[in-house]
Structure formats: C-alpha cells, structure tokens
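Numbers in the working numbering are just positions in the sequence shown, counted from 1, shifted up by 1367.
By construction, the Cβ of each residue, glycine as well, lies at the ideal position given by its N, Cα and C atoms.
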Amino acid sequence: MTLGLWMLLFTYGISVPLGVAKAVRDGTPFDTWTSAVVIIGYAIPGFLFAILLIVLFAGGSFFQFFPLRGLTSEYFAELAWWQKILDYLWHIMLPITAMAVGAFATTTLLVKNSFLDEIRKQYVLTARMKGLTERRVLYGHVFRNAMLIVIAGLPVAVVHAFFAGALLIETIFSLDGLGLLSYESIVHRDYPVVFANLYIFALVSLVVGLISDLTYTVVDPRIDFETRET
C-alpha cells in the first residue's frame, strides 16, 4: 500500500504545479513540449517501462544502480533507522517511476483545462482590474474553483493506484502487494482472501470518498453539505 501512497503524492505533487504552469503559459513553447512529454509518457505501458528500467538500471544489460526486487534488503533489520529509510527509498525508486510515468498526463491536462476555464471567467477579470497580483488571482481565487474537478477524480485515482495499476508492476518487481494478492487469490479460488480484498477495496473507496468530500469544504468554504433545500 505504500507504493500506492507514494505514487499519489508523487503524481499530484508534480501534476498540479505543472498543470497550473501550463495554463498560465498556454500556447507557449513550454506548454507545447511539456504536453508532448506527458502524452508520450501516457502512451508508454507501465509494465514495458518497468522492464526497460530493469534492463537499464537493475543489472539487466547496462548498469546496476538499483535492486531488482523486493522493498528492503536482506540485512534490513541490522541497519540504523536512517539507513532503513534510505534502503526503502532505494528499493521503491524503479517501481514508483514505472507506475507514475503514465499517471501525469491525465491529471496535468485536467488541471490545465480546469484553470483555463476559470481564468476566462468574468470574476478573474474583475479581480485583475482591482489591482490584485497575478499570483493572488491564481491561488486566491482561481485555484479553489479549478481544483474541485481534480478532487472529484481522487477516489478513482486512489483505487487505480492501490489495486488495478499495481498488479503488473508488483509482478515484475516481485512485490507482495494488494494487486498481486487479489489476482492470485482469484486464480487459486481462495475465497476468504478474495472477500477480504473486496472488503478492503470497498473500505478504501468509502474512506477516500469521505476525504474527498471534506476536501471540497477546505478548498472552497462556500460548499456546505449540511445545507439542504426542502
């Protein structure tokens, strides 16, 4: 599950600032070449990119900078606490890169288009006419409205990161994850594990949906779930 968490943080931490930058620089060379990069990354299957990383950097044919499998080394228990952190990060570098390579395009372009829609609205022009700085307009007014659609897609992104998208990567890097566990339990008809995975799947979906709804109120305080019209 830590792989899914790191993937979400890594993806949203890059996609949101990049999408804002692309919206501000719409039509410029920066917007053009970054769009080409994220679309190419989206077109590359994650499992093929994982194999390429293994061949290049995990002792396949060229370099051996990273371990081939597992989340920790065999001597992990003997390491100091800070060495354990470095060892863990060293092991997850290739799996996270392979999982996240195709995840930037959707979120980045979604953030960009959402910001472009908001930037063209009348209240943004009014805010600029009042003398507000561009940074204040973007992050004080446009950001909270533009991010609502991104937050709405968070539950789907979480489910994909924790379950569906991790299956092939976990298989290639020999990681004992939920995606691989779910697949093997279905193949071997291990029904108790299948139902346990479904329970975890449903629970995570409900919790993330609740967090998503609460995030709405943080981003835009005008949203009030307690107010209902009769």
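At a cut-off of 4 residues, the continuous stretches assigned as alpha helix (DSSP H) that sit fully inside the segment 1369-1435 are 1369-1391, 1396-1410, 1413-1424. At the C-beta level, residue 1403 and residue 1482 stay beyond 9 Å of one another.
Membership of residue 1537 in the alpha helix (DSSP H) is indicated by the continuous run 1534-1539. DSSP places residue 1464 in the helix class (H, G or I) of the three-state scheme. Rounded to the nearest angstrom, the Cβ distance from residue 1495 to residue 1504 is 6 Å, consistent with a contact under 8 Å.
Spanning the alpha carbons of residue 1571 and residue 1392 requires a straight line of approximately 37 Å.
A residue is called buried once 16 or more other Cβ atoms fall within 10 Å of its Cβ, and residue 1387 is buried on that count. Secondary structure of residue 1508 (DSSP, three-state): helix. The segment 1438-1451 makes no contact with the segment 1477-1491: fewer than 3 CB pairs, one atom from each, lie closer than 8 Å. Residue environment analysis places residue 1461 among the buried positions, since at least 16 neighbouring C-beta atoms fall within 10 angstroms of its C-beta. Around the CB of residue 1405, 16 or more other CB atoms lie within 10 Å, so the residue is classed as buried. Residue 1464 is a Cβ neighbour of residue 1420, given a cutoff of 9 Å. Secondary structure note for residue 1482: its alpha helix (DSSP H) is the uninterrupted segment 1471-1486. The straight-line gap separating the alpha-carbon atoms of residue 1397 and residue 1468 is approximately 19 Å. The beta carbon of residue 1413 sits closer than 8 Å to those of 1465, 1466, 1468, 1469, 1532, 1535, 1536, all from its chain and outside the five residues before and after it, given in chain order. When the five nearest sequence neighbours on each side are left out, the beta carbons in the same chain lying within less than 7 Å of the beta carbon of residue 1433 are those of 1424, 1425, 1457, 1460, 1461, in order along the chain. Taking C-beta atoms under 8 Å as the contact rule, residue 1538 and residue 1548 fail to qualify, at a distance of about 11 Å.
Judged by DSSP in its simplified three-state form, residue 1439 adopts coil rather than helix or strand. Taking a C-beta distance under 9 Å as the contact criterion, residue 1521 and residue 1584 do not qualify as a contact pair. Distance from the CA of residue 1561 to the CA of residue 1493, rounded to the nearest whole angstrom, comes to 55 Å. The three-state reading of DSSP puts residue 1555 in coil, since its state is none of H, G, I, E or B. A Cβ-Cβ distance of about 15 Å is found for the pair residue 1519 and residue 1485, leaving them out of contact under the 8 Å criterion.
Look at residue 1454 here: in three-state DSSP terms it is helix.
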